[in-house]
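S.K.: Residues in the sequence shown are numbered consecutively from 0, following numbering that gives the first Met the number 0. All C-beta atoms, glycine included, are put in the ideal place defined by N, C-alpha and C. After the structure tokens below, expect a handful of questions from me.
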Amino acid sequence: MAASVKDALGELDRDSYVSLLTKVVGEARHVQNNPPDLIPKEDRVARHVLDALLPLSTTTGGGPLIVSHVVYAEGRGNVIVEYPGSAPGKILSFVGCHMDVVTANPTDWDFDPFSLSVDGDKLRGRGTTDCLGHVALVTELMRRLGQTRPELKNTVVAVFIANEENSSVLGIGVDALVKDGLLDKLKAGPLFWIDTADKQPCIGTGGMIAWRLRATGKLFHSGLAHKAVNPLELAMEALKEIQSRFYRDFPPHPKEEVYGFATPSTMKPTQWSYPGGGVNQIPAECTISGDLSFADGASSVPVAYDILLKDVVVISVVHMLTPFYSTTDVVKKLQEYVDDINANIEKLDSRGPVSKYVLPDENLRGRLTITFDEAVMSGVACNLDSRGFHVLCKATEEVVGYVKPYSITGSLPLIRELQDEGFDVQTSGYGIMATYHASNEYCLFSDMCQGFRVFVSIISQLEEDSN
0 MAASVKDALG ELDRDSYVSL LTKVVGEARH VQNNPPDLIP KEDRVARHVL
50 DALLPLSTTT GGGPLIVSHV VYAEGRGNVI VEYPGSAPGK ILSFVGCHMD
100 VVTANPTDWD FDPFSLSVDG DKLRGRGTTD CLGHVALVTE LMRRLGQTRP
150 ELKNTVVAVF IANEENSSVL GIGVDALVKD GLLDKLKAGP LFWIDTADKQ
200 PCIGTGGMIA WRLRATGKLF HSGLAHKAVN PLELAMEALK EIQSRFYRDF
250 PPHPKEEVYG FATPSTMKPT QWSYPGGGVN QIPAECTISG DLSFADGASS
300 VPVAYDILLK DVVVISVVHM LTPFYSTTDV VKKLQEYVDD INANIEKLDS
350 RGPVSKYVLP DENLRGRLTI TFDEAVMSGV ACNLDSRGFH VLCKATEEVV
400 GYVKPYSITG SLPLIRELQD EGFDVQTSGY GIMATYHASN EYCLFSDMCQ
450 GFRVFVSIIS QLEEDSN
């Protein structure tokens with residue numbers, strides 16, 4: 000059976016693939032996802048998927064494919080395609096091919112990002128790696144199934160989704176499909192999330208918490224610093240203390256080495272802001288912003304320290320977390336750190352003979368507040384004992400020549416929620432990591448050919464299991 004499946008499905012057809020990719024990349028301008036300025040219309044891509052597959056569907060009577068177009072917001076549909084197998088409960092799925100893209104500024108590119116250009120093996124344009132190249136690839140797989148109609152025991156399902164590149168608006172893409180139970184039957188078999196890169200299994204991703212630390216002091220003339228509470232100094236010293244406690248409570252986890260994470264969970268500042276004022280004023284407040292990464296490979300934005308702030312300091316910080324720590328636990332701990340520092344602010348390190356955070360004569364204390372963005376993402380550690388992982392590894396070694404699973408501390412939205420719902424999520428992709436979200440994005444046709452062969456091998460292996 001394995002040989003016949005491979006013979007039936009064959010290789011990726013270059014002319015067909017490039018033709019379809021030309022159409023979907025030609026829609027890239029209209030599916031940039033950066034609200035409120037840019038709201039994608041994923042149906043512009045979906046219509047090309049539907050045009051390719053509906054002629055081979057039960058809808059038109061032209062073939063076996065069962066095609067559904069599921070829309071939760073106008074112009075922003077999802078597409079579910081099913082090639083039915085003969086054995087009840089036997090199923091595998093390719094999910095995560097999203098029909099929106101990140102923004103592209105044509106002035107930063109050496110070629111037009113919104114039309115496909117072909118340079119030998121290179122297929123260039125926004126979305127070729129992330130993720131319109133995969134949309135076209137999986138569409139070609141389903142089209143080949145519909146054309147050749149191999150006798151399979153396993154049902155093969157493809158899910159093309161809206162709204163992956165932005166999590167500020169929910170209820171449009173895969174989250175809504177899961178909520179409505181439209182993907183429930185996929186829990187019976189491996190779910191391959193096709194939205195990473197470099198042709199190897201991605202077995203771990205990081206979680207992310209974006210937060211803001213606001214320091215409030217007292218505005219005063221900088222020549223009379225003893226009458227002020229400098230929020231910038233307060234913010235810097237508080238952040239140092241918070242980071243120290245974070246690394247104590249969330250140290251490198253033993254499983255990070257097993258999964259190959261390059262770094263442990265990290266916490267770092269990335270932005271400063273304050274209300275403005277003269278250079279001779281100590282501000283009343285400022286804010287530092289940033290992220291917290293759970294196993295983080297993302298780089299931080301340098302923080303500018305050469306400014307004298309006014310009243311409020313806001314520090315923006317990102318935490319990136321490896322999937323072995325709970326984002327809920329981390330948020331709780333951060334709030335505890337801030338509460339404790341506020342209660343004991345006299346004990347916090349200060350800077351110089353008149354630097355202080357309490358003015359007793361005025362009954363005034365500096366204070367900290369911490370807030371968190373709603374879009375908290377948890378990391379994922381794929382199940383390394385699952386059949387899905389094993390067939391993906393075997394297929395990769397068979398096609399690519401070697402298998403080297405990796406983990407990243409960048410965050411992939413949505414897949415942890417699928418895992419928590421009971422799906423066996425495995426991830427892979429066939430674009431190029433170096434061009435992910437970058438200017439001059441491209442993929443290689445030869446890599447996509449290997450991706451097609453990996454998919455065919457996965458189907459073949461799972462058919463052998465069914466015999």
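Measure the alpha-carbon distance for residue 297 versus residue 79 and round it to whole angstroms.
M.R.: Interpretation of residue 297 is limited by its pLDDT of 32, a score under 50 that renders its predicted location unreliable; the figure taken from the coordinates is listed afterwards. Near 33 angstroms, if we compare the C-alpha coordinates of residue 79 and residue 297.
S.K.: Determine the extent of the beta strand (DSSP E) in which residue 81 is found, giving its start and end residues.
M.R.: 76–82
S.K.: Checking contacts by CB at 8 angstroms: is residue 274 closer than that to chain B?
M.R.: Annotation note: the requested chain B is absent from the structure, which comprises a single protein chain.
S.K.: Does the segment 120–133 touch the segment 66–76, meaning 3 or more C-beta pairs lie closer than 8 angstroms?
M.R.: no
S.K.: By alpha-carbon positions, which one of 432, 373, 232 ends up nearest to residue 347?
M.R.: 232
S.K.: Can you tell me whether residue 468 is buried or exposed? The criterion is at least 16 other CB atoms within 10 Å of its CB, across all chains shown.
M.R.: Given a span of 0 to 466 for the chain in the structure shown, any question on residue 468 remains unanswerable.
S.K.: Is the separation between the beta-carbon of residue 212 and that of residue 369 shorter than 8 angstroms?
M.R.: yes
S.K.: List the DSSP bridge partners of residue 68.
M.R.: Beta-bridge pairing links residue 68 to 78.
S.K.: Could you check where the beta strand (DSSP E) with residue 519 kicks off and where it finishes?
M.R.: As shown, the chain starts at 0 and ends at 466. That puts residue 519 outside it, with no answer to give.
S.K.: Is residue 383 helix, strand or coil when you go by DSSP?
M.R.: coil
S.K.: Helix, strand or coil: which one does DSSP assign to residue 26?
M.R.: coil
S.K.: For residue 449, which of helix, strand or coil comes out of DSSP?
M.R.: In this structure, residue 449 counts as helix in the three-state DSSP scheme.
S.K.: Quick check: the segment 261–275 against the segment 353–367, are at least 3 beta-carbon pairs closer than 8 angstroms?
M.R.: In short, these stretches do not touch, since the Cβ pair count stays below three.
S.K.: For the candidate residues 84, 36, 181, 146, whose alpha-carbon lies nearest to that of residue 53?
M.R.: 146
S.K.: Can residue 202 and residue 404 be called in contact, C-beta distance under 8 angstroms?
M.R.: yes
S.K.: Would you kindly work out how many angstroms separate the C-alpha atoms of residue 433 and residue 453, rounded to a whole number?
M.R.: When rounded, the distance between both Cα atoms is 21 angstroms.
S.K.: Quick check: what's the CA-CA separation for residue 170 versus residue 249?
M.R.: 33 angstroms
S.K.: Which residue or residues does DSSP assign as beta-bridge partners of residue 108?
M.R.: Beta-bridge pairing links residue 108 to no other residue.
S.K.: Could you pull the DSSP bridge partners for residue 217 from this structure?
M.R.: In DSSP, residue 217 forms a bridge with 228.
S.K.: Which whole-angstrom value is the C-beta distance of residue 113 and residue 123, which I expect to be below 8 angstroms?
M.R.: Distance from residue 113 to residue 123 at the Cβ level is roughly 11 angstroms; contact not present, criterion being Cβ atoms closer than 8 angstroms.
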